[in-house]
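Reading through the C-alpha cells given below for one structure.
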DNA sequence: TAGATTGTTAATCGATTAACAATC
DNA sequence: TAGATTGTTAATCGATTAACAATC
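Protein chains in written order, with the working numbering: chain A, -4 to 208; chain B, -4 to 208.
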C-alpha cells in the first residue's frame, strides 16, 4: 500500500487536459512555458497549475518556468502512456467500430487485441485490420491473450452480463458506454461514459440561456 | 436576466443521474422513495439529494418522501426533456452513425433533423431513415430547418472550421467529439466529450492499482 | 397523536486561489 | 546582480455533510 498522500480525482481528471495542451505547444515548437502563460491558454489559474503539478513533483524551475517537452513526458508517465494496456471491444456496432478506429488510443498506450460480437452478420468482418470474433470464443481467447481493459459497447440489458463475464476472465478495467452506473461484485475499475447525460447538460444550458434572453 | 441564485454545475451534472435512477424506480413500479433509500441506491448522501433537489423546489413531503413519478417528471422538466431540440450530425463516420442510431435521444427531446458529410461514399446513404446530405447543402438546409444543436463528429482539423460554419448559421449548441477544447468567437454553448481523456483516467487508475498491489 | 422525513440552516471539509519566500 | 517564476504555505471560497425544527 502506497504511503503517498491521496491525489484528488479532480486533479487526475485535469491531467489529460494538460497533456493535450502540452502536446499542442510541442507541435507549435514552443520550448518553455510559465504557469502564467499556460493558465491564460487553458482558462484556469496559474496557481491551480502549480498546485496540480506539485502533487507529482517539482517539474519546473524558478525564474524559467517549465520545459514543455520534459513536462509533457512527465505527465505522460504519470498517466501511464508508456505502460501498454491491452484492450478488447465487445460489441461491433457503430460505437464499437468508432472506438476500434480511434487511432489516438495506440499513441496513449492502449493496444486493441480483439473485437467480439454475437451477430453472425458482424462476426468475420474486419475492422481496423482486426477480425470480429464470436463472443463465444472470448473464453479461449482470454487464455491466450492478456486483456487489461474491455470496452463495453453492447445493448443496455447485455451490459451487466457481459461485464460480469469479462471480469471473471480477469479483465481489470471496464469502459462502459451504456447509460447506467455499472456495478459488479469484482475488484475491477469502471469508467462510465454517459453520453446522454452530457447531452442533457447541454440541453439544460440551452434552456437556461433561452430563458434569460 | 434571471434573478435566481446561480445553480452550480456540480448540481446540474447530477440531474441526469437522478433522472436515470428515478426512471429505473418507475420501471420497478416503486411509487415513493425517501432521500435515505435513494442515497443508498446511488451511493451518495441523503443530505446531498435533498440539497440538490431544493435548488429547484420542494418536491418532497415531510414524513413521506418523494413521489417517484412526480419527481421524475419535475427533473425531466428542469432538464428540458419536454422542450424539443432539433439537431444535426456532421460527419457520418462511425461515431456519427452511432449517434444517429442512439434511440435514447428522441425520448429526451432531441430530434435528429439531418446528417451531413463531405465524402461521396457516404452522401446518399440512409442512416436511421435519414439520408446523408452533402455538407455543401447545409446552408440551404438551415434556411428551411431550425437547428438548435450540431453534433460534430468530423476529423480533428476540420472541427473548428465546421464549428465556425454552423455557429454562423445560427446553431446555438455544439456537442464536440474531437479531443480539443473547442472555442469559437460566437455566443454558442459547447459541450466537449473527451473520450480519450476518460480512457486515460481509467489507465491512470489501473496503473495506481497495480502499483499498490 | 407519534413517527417519519423533508426543507433548511449551520458546521465541516476539501478544493481553489492568493501570497510570498526560495531560488534559478 | 536583478528579474522572473517556481514551490509551498496560508487564506478564501464553495461544496458537501450534519443537525434539527417544521410538518406531513
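Glycine residues also receive a C-beta, built at the ideal position from the N, C-alpha and C atoms.
Which residues DSSP lists as bridging residue i, in chain order
i: residue 120/B; result: Per DSSP, none; premise fails for residue 120/B.
i: residue 27/B; result: 62/B
i: residue 129/B; result: 112/B
i: residue 186/B; result: 170/B
i: residue 146/A; result: 84/A, 170/A
i: residue 106/B; result: 81/B
i: residue 56/B; result: 60/B
Residue i: contacting residues in chain B (beta-carbon distance under 7 Å)
i: residue 226/A; result: The structure shown does not extend to residue 226/A, since chain A is modelled only from -4 through 208, so no value can be given for it.
i: residue 96/A; result: 89
i: residue 200/A; result: 184
i: residue 168/A; result: 197, 201
i: residue 5/A; result: Neighbours of residue 5/A on chain B: none; closest Cβ ~11 Å, over 7 Å.
Nearest residue (CA-CA) to residue i, options the options
i: residue 142/B; options: 194/B, 163/B, 153/B; result: 163/B
i: residue 183/A; options: 158/A, 195/A, 135/A; result: 158/A
i: residue 117/A; options: 91/A, 81/A, 188/A, 46/A; result: 91/A
i: residue 12/B; options: 202/B, 25/B, 44/B; result: 44/B
i: residue 176/B; options: 1/B, 111/B, 191/B; result: 191/B
i: residue 14/A; options: 47/A, 0/A, 204/A; result: 47/A
i: residue 49/B; options: 84/B, 77/B, 1/B; result: 1/B
i: residue 108/B; options: 115/B, 146/B, 18/B; result: 146/B
i: residue 7/A; options: 204/B, 200/B, 208/B; result: 200/B
i: residue 151/B; options: 173/B, 136/B, 75/B; result: 173/B
i: residue 153/B; options: 137/B, 112/B, 119/B, 3/B; result: 112/B
i: residue 88/B; options: 58/B, 75/B, 127/B, 76/B; result: 127/B
i: residue 135/B; options: 122/B, 160/B, 120/B, 125/B; result: 160/B
i: residue 204/A; options: 208/B, 203/B, 167/B, 180/B; result: 167/B
i: residue 106/A; options: 180/A, 129/A, 125/A; result: 125/A
i: residue 140/A; options: 115/A, 39/A, 121/A, 110/A; result: 110/A
i: residue 206/B; options: 57/A, 206/A, 56/A, 75/A; result: 75/A
i: residue 24/B; options: 64/B, 115/B, 40/B, 202/B; result: 64/B
i: residue 114/A; options: 55/A, 86/A, 93/A, 178/A; result: 86/A
i: residue 56/A; options: 41/A, 29/A, 208/A, 40/A; result: 29/A
i: residue 155/A; options: 185/A, 41/A, 208/A, 34/A; result: 185/A
i: residue 240/B; options: 38/A, 178/A, 4/A; result: Residue 240/B lies beyond the residue range present for chain B, which begins at -4 and ends at 208; the question has no answer from this structure.
Beta-carbon neighbours of residue i, restricted to chain A and to distances below 8 Å
i: residue 158/B; result: Ordered by position in chain A, no residue passes the 8 Å Cβ test against residue 158/B, which lies about 14 Å from the chain.
i: residue 127/B; result: The contacting residues do not exist; residue 127/B stays about 14 Å from chain A at best.
i: residue 105/B; result: 194, 198
i: residue 204/B; result: 167, 184
Neighbouring residues, chain A, relative to residue i (Cβ below 7 Å)
i: residue 177/B; result: Those within 7 Å of residue 177/B in chain A number zero; the least Cβ separation is about 12 Å.
i: residue 174/B; result: 15, 99
Contacts that residue i makes with chain A (C-beta to C-beta distance below 9 Å)
i: residue 163/B; result: Chain A residues near residue 163/B: none, gap ~18 Å exceeds 9 Å.
i: residue 63/B; result: Result: empty, since nearest Cβ-Cβ is about 18 Å, beyond 9 Å.
heavy atom of the ligand ATP below 7 Å from residue i C-beta
i: residue 27/A; result: This structure simply doesn't include the ligand ATP, nor any ligand for that matter.
Presumed contact (8 Å Cβ cut-off) between residue i and residue j, rounded CB distance
i: residue 170/B; j: residue 188/B; result: 7 Å
i: residue 194/A; j: residue 51/B; result: Not confirmed; about 20 Å, so no contact.
i: residue 27/B; j: residue 72/B; result: Rounded, the Cβ-Cβ distance is 19 Å, inconsistent with contact.
i: residue 104/A; j: residue 77/A; result: 6 Å
i: residue 96/A; j: residue 123/A; result: 5 Å
i: residue 84/B; j: residue 197/A; result: About 14 Å; that fails the 8 Å criterion.
i: residue 36/A; j: residue 59/A; result: In fact, because the Cβ distance is near 18 Å, the residues do not count as touching under 8 Å.
i: residue 10/B; j: residue 70/B; result: 6 Å
i: residue 67/B; j: residue 98/B; result: Actually they do not touch by this definition, with Cβ atoms about 19 Å apart.
i: residue 137/A; j: residue 119/A; result: With a Cβ gap of about 20 Å, residue 137/A and residue 119/A do not count as contacting.
Interface partners of residue i on chain B, CB under 8 Å
i: residue 117/A; result: In chain order: nothing, as chain B lies at least about 13 Å away.
i: residue 191/A; result: 11, 97, 99, 100, 103
Where the segment 8 to 20 of chain A meets chain B: residues whose CB sits under 9 Å from a CB there: 8, 10, 11, 12, 14, 15, 16, 19
Interface positions of the segment 69 to 85 of chain A facing chain B (Cβ-Cβ less than 8 Å), listed along the chain: 73, 74, 75, 76, 78, 80
Residues from the segment 15 to 49 of chain A in contact with chain B, defined by Cβ distance under 9 Å: 15, 16, 19, 37, 38
Under 8 Å (Cβ pairs) to chain A, residues found in the segment 139 to 155 of chain B: 143, 144
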